[in-house]
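Chemist:
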Amino acid sequence: MKIVFATGNPGKLREASEILGEGFELVTPAEAGIPEDIPETGETLRANSLQKAQYIYEKTGLDCFADDTGLEVEILAGAPGVHTARYGGPQKNPADNIARLLREMACREREASVAREYGFNTPHATRRARFRTSVTLIIGGEKHFFDGIMEGKIAYTKAGKGGFGYDPVFIPDGYDVTAAEITEEQKNAISHRGKALRAMADYLKSR
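Add 12 to a position in the sequence shown, counting from 1, and you land on the number used in my numbering.
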């Protein structure tokens with residue numbers, strides 16, 4: 013089955029191909045005749061994934077799916093959330109995103125520590141975080157939604173050379189290393205995107 017995946021990220025494309033397995037041929041927007049950036053101006057992850065999938069479907073008429081992923085950090089009150097991909101600037105540079113994340117978290121931790129020194133009843137900072145993915149599938153003109161979550165915490169420094177995005181600073185629950193230090197097979201088994209894509213694959217195979 014040929015299906016357009018709204019991404020130009022080689023890591024995401026490889027991850028999706030491995031999860032969907034045989035019987036699925038993933039096509040990028042550029043290969044489907046959409047070289048331009050696809051709009052994502054929604055205020056929620058689902059709104060963004062729907063906007064991207066709808067854009068591709070209206071342009072090509074092809075079955076397609078899109079995802080949007082947000083990193084929600086407790087000490088940052090759920091940020092960066094829907095702004096995850098551009099947290100460090102509009103250029104979507106992973107290094108800039110991570111640098112700002114660690115800088116903002118360190119700032120919040122210092123603020124909380126100072127407040128406690130002055131006697132304020134401030135909760136201890138937590139580095140708990142989660143990745144949340146929302147996938148929108150449009151097949152035969154019908155819209156379907158699939159979600160996935162991966163719980164964990166944010167490391168103090170980067171580690172590992174695998175994965176992509178925030179993986180070098182995200183430690184999944186059940187591991188003592190970052191998502192960039194585990195194998196792709198291990199990551200696919202627990203990842204937010206993996207869970208959402210497996211749910212989508214199950215639906216497609218049941219049709």
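Backbone N, C-alpha and C fix where the C-beta goes; we use that ideal spot for every residue, glycine too.
Helix, strand or coil: which one does DSSP assign to GLY174?
Modeler: coil
Chemist: Give the DSSP-derived three-state secondary structure of THR81 in the structure shown.
Modeler: strand
Chemist: If we ignore side chains and look at the alpha-carbon of each, how far apart do ARG1 and MET13 end up?
Modeler: The structure shown does not extend to residue 1, since the chain is modelled only from 13 through 219, so no value can be given for it.
Chemist: Taking a contact to mean a Cβ-Cβ separation below 7 Å, would you say ALA208 touches VAL147 in this structure?
Modeler: A contact, by the Cβ cut-off of 7 Å.
Chemist: What whole-angstrom Cβ distance do GLU34 and GLU196 have, given they're in contact under 8 Å?
Modeler: With 8 Å as the limit, GLU34 and GLU196 do not qualify as a contact, their Cβ atoms being about 17 Å apart.
Chemist: How many whole angstroms separate the CB atoms of THR190 and ALA171, which I take to be in contact at a CB cut-off of 8 Å?
Modeler: The Cβ separation is near 5 Å, so the contact holds.
Chemist: Pull up the distance between the alpha-carbon of LEU62 and that of TYR168, whole angstroms please.
Modeler: 34 Å
Chemist: With DSSP run on the structure shown, which of helix, strand or coil describes SER61?
Modeler: helix
Chemist: Can you give me the C-alpha to C-alpha distance between GLY186 and GLU154, rounded to a whole angstrom?
Modeler: 37 Å
Chemist: Report yes if the C-beta distance between PHE285 and ALA211 is below 7 Å; otherwise report no.
Modeler: Outside the shown range of the chain (13 to 219) lies residue 285, about which nothing can therefore be said.
Chemist: Starting from GLY206, follow the alpha helix (DSSP H) in both directions and report where the run begins and ends.
Modeler: 204–218
Chemist: Do you know whose CA, among LEU25, PHE143, ARG26, lies nearest PRO92's CA?
Modeler: PHE143
Chemist: Tell me the residue span of the alpha helix (DSSP H) that contains GLU193.
Modeler: Careful: GLU193 lies outside any alpha helix (DSSP H) and carries neither H nor E.
Chemist: For ASN21, tell me which candidate among LEU113, GLY131, LYS104 has the shortest Cα-Cα distance.
Modeler: Sorting LEU113, GLY131, LYS104 by C-alpha distance to the C-alpha of ASN21 places LYS104 at the top.
Chemist: Would you say GLY164 and PRO180 are within 7 Å of each other, going by their C-beta atoms?
Modeler: no
Chemist: Can you tell me the Cα-Cα spacing of TYR69 and LEU216, whole angstroms?
Modeler: 17 Å
Chemist: Going by C-alpha distance, which of ILE15, TYR178, GLU37, ARG115 is nearest LEU74?
Modeler: ILE15
Chemist: Pop quiz: HIS204 and ILE166 are said to be a contact at Cβ under 8 Å. What is the actual Cβ separation, rounded to whole angstroms?
Modeler: Not confirmed; about 15 Å, so no contact.
Chemist: Could you check how far apart the C-beta atoms of THR81 and THR19 are, in whole angstroms? I think they sit under 8 Å.
Modeler: Wrong, their Cβ atoms sit about 11 Å apart, outside the cutoff.
Chemist: Please give the ranges of any alpha helix (DSSP H) in the region 100–168, keeping only runs that are unbroken, at least 4 residues long and fully inside the region.
Modeler: 106–129
Chemist: By DSSP, does VAL94 sit in helix, in strand, or in coil?
Modeler: In the structure shown, VAL94 sits in coil (DSSP, three-state: anything other than H, G, I, E or B).
Chemist: Relative to the C-alpha of GLU86, which candidate in LEU113, PHE77, PRO51 has its C-alpha closest?
Modeler: LEU113
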